[in-house]
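Peer 1:
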Amino acid sequence: MLDIKFIRENKEIVKEGAKRKHVDVDIDELISIDQKRLEILSRVEFLRGEQNKGSLSLGGTLTEAARAQVLEEMKLVKDELKEKEEELRATIVNWQALMLKVPNMPDISVPDGESEEQNQEIKTWGEKPKFDFEPKDHIELMIKLKMADFERGTKVHGFRGYFLMGDGARLSMAIWNYALDFFGAKNFNPFIAPAIVNKEYFIGTGHLPGDAEDIFQTQDDQYLAGTAEVPMMAYHSNEILTNEELPKRYLAFSPCYRREAGAHGKDMKGLIRVHEFYKWEQLILCRASHEESVKYHEELNRNIEEFIESLGLPYRQVAICAGDMKNAHVKSYDTELWVPKEEKYREIGSTSYYHDFQTRRFNIRYRDEEGKIHYTHSLNATAIPTPRILVSLVENFQQADGSIKIPEVLQKYLGKEIIS
RNA sequence: GGAGGGUUGGCAGAGAGGUUGAAUGCACCGCUUUCGAAAAGCGGAAUCUUCGAAAGAGGAUCACAGGUUCAAAUCCUGUACCCUCCGCCA
77 MLDIKFIREN KEIVKEGAKR KHVDVDIDEL ISIDQKRLEI LSRVEFLRGE
127 QNKGSLSLGG TLTEAARAQV LEEMKLVKDE LKEKEEELRA TIVNWQALML
177 KVPNMPDISV PDGESEEQNQ EIKTWGEKPK FDFEPKDHIE LMIKLKMADF
227 ERGTKVHGFR GYFLMGDGAR LSMAIWNYAL DFFGAKNFNP FIAPAIVNKE
277 YFIGTGHLPG DAEDIFQTQD DQYLAGTAEV PMMAYHSNEI LTNEELPKRY
327 LAFSPCYRRE AGAHGKDMKG LIRVHEFYKW EQLILCRASH EESVKYHEEL
377 NRNIEEFIES LGLPYRQVAI CAGDMKNAHV KSYDTELWVP KEEKYREIGS
427 TSYYHDFQTR RFNIRYRDEE GKIHYTHSLN ATAIPTPRIL VSLVENFQQA
477 DGSIKIPEVL QKYLGKEIIS
């Protein structure tokens with residue numbers, strides 16, 4: 077959510093930002109509804125004032141005649157108030173619906189572009205493996221090594237179902253534990269977060285109303301979070317934090333649920349796209365400063381790079397172009413891992429900042445050193461998702477006999493150097 | 001799932017239709033006193049929002065949403081959450 081004052085005073089900037097993000101929202105209409113809202117509001121507040129005055133006088137000592145007259149006047153005030161309040165309520169509903177459509181403004185450093193195609197590669201790292209044999213994909217490798225069972229996965233869960241088992245299960249645990257140690261050493265407070273979350277908080281992160289199709293729902297009007305970003309942002313909702321406790325640095329583990337409603341034809345098999353997975357997520361709440369946001373954005377991004385580098389997996393970094401960026405983002409990077417069999421980089425995580433777009437919706441504020449209250453800034457970034465990471469890991473480190481060499485940093489967590 | 005009790009400011013806790021944004025205590029911030037501190041005394045302090053250049057003047061907020069009333073923290077209804085007991089259960 078942007079500040080309505082900012083929208084009023086920077087109409088052209090907001091229009092331009094929405095255009096870059098290809099968001100169709102009528103800013104002129106919003107401003108005229110806002111004007112109407114303020115007009116009705118001012119009338120309603122005047123009438124309430126009249127009502128308060130009248131009530132006050134009735135509380136005192138009045139003659140019968142004076143009393144009757146005030147009551148008569150109050151009736152008129154009350155009737156008009158009822159009418160205007162109803163009008164105000166309807167106007168606010170429209171106003172809010174439009175406000176939720178207004179996207180966050182992309183940073184100037186964000187490349188222009190229509191879609192994924194125009195995302196900019198900004199960095200590559202690592203040597204893509206050269207095999208002197210025909211490499212297998214992760215599905216074949218993992219089935220052979222009894223690390224995963226997709227047939228029974230779909231039998232039990234349905235489309236996109238999987239079981240991890242044996243060294244597949246052990247390897248996942250090893251990655252979780254390694255990630256906890258690795259990111260934990262970077263001064264994050266680890267959390268295990270609930271995935272079942274009240275609906276309202278999905279509006280805060282920007283997942284609703286936009287992505288409703290992609291979210292599983294319970295019969296109690298709760299939704300299943302597709303990322304720990306949702307519960308962790310909700311964690312401090314409606315709170316005023318102190319200046320000293322910022323920045324908040326959280327590393328949250330949670331199961332993640334995604335319906336993948338718009339992706340039926342994509343990645344039909346294997347562990348790239350599943351309904352249920354697990355993720356460590358980095359999240360920061362910091363002071364309301366663009367410089368701090370940018371600094372932490374780069375840091376969070378570098379954290380995931382370092383983690384991937386420690387595993388020795390080839391990756392690239394991509395700056396998301398304005399047209400492909402989510403509504404709530406100011407700027408976003410994707411980290412993509414090399415998948416040898418597909419001969420493609422595939423997304424493993426993304427790192428984004430929001431300024432106060434999310435915290436305004438969550439009402440997360442802090443008191444600065446002068447005692448003034450501001451909305452905090454928020455940032456979040458993937459630390460590591462499983463099982464998607466396994467795809468690159470087993471494919472890049474496969475050997476001619478179908479066994480998998482385990483990166484050195486994981487060996488002590490897994491208890492072996494090779495899966496065969 | 002059943003029965004009962006609760007939810008008031010940073011915390012504790014009054015208030016049971018009328019000038020209550022809310023007593024009192026603790027904590028907090030000034031000032032006085034002191035070499036300094038403690039103690040004591042005096043004073044100040046919630047949040048959101050509208051109009052305004054400002055000074056200031058309105059409006060809203062006692063879990064949340066409705067309702068009754070000229071007037072609701074206070075009465076009624078619904079929802080959420082907390083506590084106690086019973087039942088069930090990792």
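Heads up, the final residue of the first sequence is numbered 496 in this note's numbering, and it's a clean run with no missing numbers. C-beta atoms are modelled at their ideal positions from N, C-alpha and C, and glycine is treated no differently.
DSSP three-state call for Q293: helix, strand or coil?
Peer 2: By one-based count along the first sequence, residue 293 stands at place 217. In the structure shown, Q293 sits in a strand (DSSP, three-state: E or B).
Peer 1: Please state the DSSP three-state secondary structure of R436.
Peer 2: Here residue 436 is taken as the residue at index 360 of the first sequence, counted from 1. The answer is helix: DSSP assigns R436 an H, G or I state.
Peer 1: Just to confirm, is the Cβ distance from V178 to A288 under 8 Å?
Peer 2: Here residue 178 corresponds to residue number 102 of the first sequence, with the count starting at 1. Here residue 288 corresponds to residue number 212 of the first sequence, with the count starting at 1. Result no, Cβ atoms of V178 and A288 do not sit closer than 8 Å.
Peer 1: Among the residues of its own chain, which have a CB less than 8 Å from the CB of V146, if the five just before and after it don't count?
Peer 2: Locating residue 146 in the first sequence gives position 70, counting from the first residue. The answer, listed in chain order, is G130, S133, L134, L138.
Peer 1: Hey, would you say Y40 sits closer than 8 Å to R436, going by beta carbons?
Peer 2: Outside the modelled stretch of the chain, which goes from 77 to 496, sits residue 40, for which no answer is possible.
Peer 1: Taking the alpha carbon of I184 as the point to measure from, which residue in V90, K481, E385, L490 has its own alpha carbon closest?
Peer 2: The residue given as residue 184 occupies position 108 in the first sequence. Considering only alpha carbons, the answer is V90.
Peer 1: Quick check on this structure: which residue in S191, I482, Q393 has the alpha carbon closest to the alpha carbon of H98?
Peer 2: The residue labelled residue 98 in the question sits at position 22 within the first sequence. It is S191 whose Cα lies nearest to the Cα of H98.
Peer 1: For the candidate residues A476, E446, E121, H351, whose alpha-carbon lies nearest to that of N319?
Peer 2: Within the first sequence, residue 319 is the residue found at index 243, counting from 1. It is E446.
Peer 1: Could you give the C-beta distance for D334 and G302, rounded to a whole number, given that I count them as a contact under 8 Å?
Peer 2: As a first step, residue 334 is located in the first sequence; it is residue number 258 there, counting from the start. As a first step, residue 302 is located in the first sequence; it is residue number 226 there, counting from the start. What sits at residue 334 in the sequence shown is Arg, not Asp. Indeed, because the Cβ distance is near 4 Å, the residues count as touching under 8 Å.
Peer 1: For D243, which residues in the same chain have their Cβ closer than 6 Å to its Cβ, ignoring the five residues on either side in sequence?
Peer 2: Taking the first sequence and counting its residues from 1, the one referred to as residue 243 is at position 167. Result list for D243: M223, I495, in chain order.
Peer 1: Please go through the same chain and pick out, in chain order, the residues whose beta-carbon is closer than 7 Å to the beta-carbon of Y326, but skip the five residues on each side of it.
Peer 2: Working through the first sequence from its first residue, we reach residue 326 at position 250. Closer than 7 Å at the Cβ level, and outside the excluded window around Y326, lie F264, N265, F267, M308, L359.
Peer 1: Do E156 and I116 have their C-beta atoms within less than 8 Å of each other?
Peer 2: Your numbering for residue 156 matches position 80 in the first sequence. Your numbering for residue 116 matches position 40 in the first sequence. No, the pair does not count as a contact, with Cβ atoms beyond the cut-off.
Peer 1: Which stretch, first to last residue, makes up the beta strand (DSSP E) that contains P266?
Peer 2: The residue labelled residue 266 in the question sits at position 190 within the first sequence. Its beta strand (DSSP E) spans residues 265-268.
Peer 1: Quickly, what does DSSP pair G425 with across the bridge? List them, please.
Peer 2: Translated into the one-based positions of the first sequence, residue 425 becomes position 349. DSSP, once it has assigned bridges, lists T411 as partnering G425.
Peer 1: Within the continuous alpha helix (DSSP H) that includes S248, where are the two ends?
Peer 2: Residue numbering aside, residue 248 sits at position 172 when the first sequence is read from its first letter. Residues 242-260.
Peer 1: With a threshold of 8 Å, are at least 3 pairs of Cβ atoms found where one atom belongs to the region 345-362 and the other to the region 372-385?
Peer 2: Yes: the two stretches touch, three or more of their Cβ pairs being nearer than 8 Å.
Peer 1: Specify the secondary structure class of V120 as computed by DSSP and reduced to three states.
Peer 2: Taking the first sequence and counting its residues from 1, the one referred to as residue 120 is at position 44. V120 falls in the helix class under three-state DSSP.
Peer 1: Assess contact between the region 454-465 and the region 344-351, defined as three or more Cβ pairs (one per stretch) separated by less than 8 Å. Is contact present?
Peer 2: Yes, the region 454-465 touches the region 344-351.
Peer 1: Give the single residue among A269, E193, H214 whose Cα lies nearest to the Cα of S468.
Peer 2: Stepping through the first sequence from its first residue, residue 468 is reached at position 392. Ranking A269, E193, H214 by Cα distance to S468 puts H214 first.
Peer 1: Just the C-alpha distance for P390 and G202, rounded to the nearest angstrom, thanks.
Peer 2: Within the first sequence, the letter at position 314 stands for residue 390. Within the first sequence, the letter at position 126 stands for residue 202. Using only the alpha carbons, I get a separation of about 4 Å.
Peer 1: What three-state label does DSSP hand E352 in the structure shown?
Peer 2: The residue labelled residue 352 in the question sits at position 276 within the first sequence. Three-state DSSP puts E352 in a strand.
Peer 1: Of the choices Q127, P270, R392, whose alpha-carbon is the least far from that of E500?
Peer 2: The question about residue 500 has no answer, for the chain in this structure spans 77 to 496.
Peer 1: How is T281 classed by DSSP in three states: helix, strand or coil?
Peer 2: Working through the first sequence from its first residue, we reach residue 281 at position 205. The answer is helix: DSSP assigns T281 an H, G or I state.
Peer 1: Quick one: what's got a C-beta closer than 8 Å to M401's C-beta in the same chain, skipping five residues either side?
Peer 2: In the first sequence, residue 401 corresponds to position 325, counting from 1. Once the five neighbours on either side are set aside, the close Cβ partners of M401 are K97, P182, V186, K407, S408.
Peer 1: Mind checking whether the beta-carbon of D343 lies closer than 7 Å to any heavy atom of the ligand MN?
Peer 2: This structure lacks the ligand MN, and indeed carries no ligand of any kind.
Peer 1: Can you tell which of F353, A339, S365 has the C-alpha that lies nearest to the C-alpha of A271?
Peer 2: As a working mapping, residue 271 is identified with position 195 in the first sequence. Among F353, A339, S365, the Cα nearest to that of A271 is on F353.
Peer 1: Can you tell me whether DSSP reads T303 as helix, strand or coil?
Peer 2: The residue given as residue 303 occupies position 227 in the first sequence. Coil at T303, not helix or strand.
Peer 1: Beta-carbon separation of I482 and Q474 under 8 Å?
Peer 2: Position 406 of the first sequence holds residue 482. Position 398 of the first sequence holds residue 474. The answer is no: Cβ separation not under 8 Å.
Peer 1: Could you spell out the range, first to last residue, of the alpha helix (DSSP H) harbouring R325?
Peer 2: The sequence position of residue 325 within the first sequence is 249, counting from 1. Run containing R325: none in the alpha helix (DSSP H); it sits in the beta strand (DSSP E), 324-333.
Peer 1: For a quick check, are the C-beta atoms of I107 and M175 less than 8 Å apart?
Peer 2: Against the first sequence, residue 107 aligns to sequence position 31. Against the first sequence, residue 175 aligns to sequence position 99. Taking 8 Å as the Cβ cut-off, I107 and M175 do not qualify as a contacting pair.
Peer 1: For A304 versus F329, is the C-beta spacing smaller than 8 Å?
Peer 2: Along the first sequence, one-based indexing puts residue 304 at 228. Along the first sequence, one-based indexing puts residue 329 at 253. Yes, Cβ-Cβ distance for A304 and F329 is below 8 Å.
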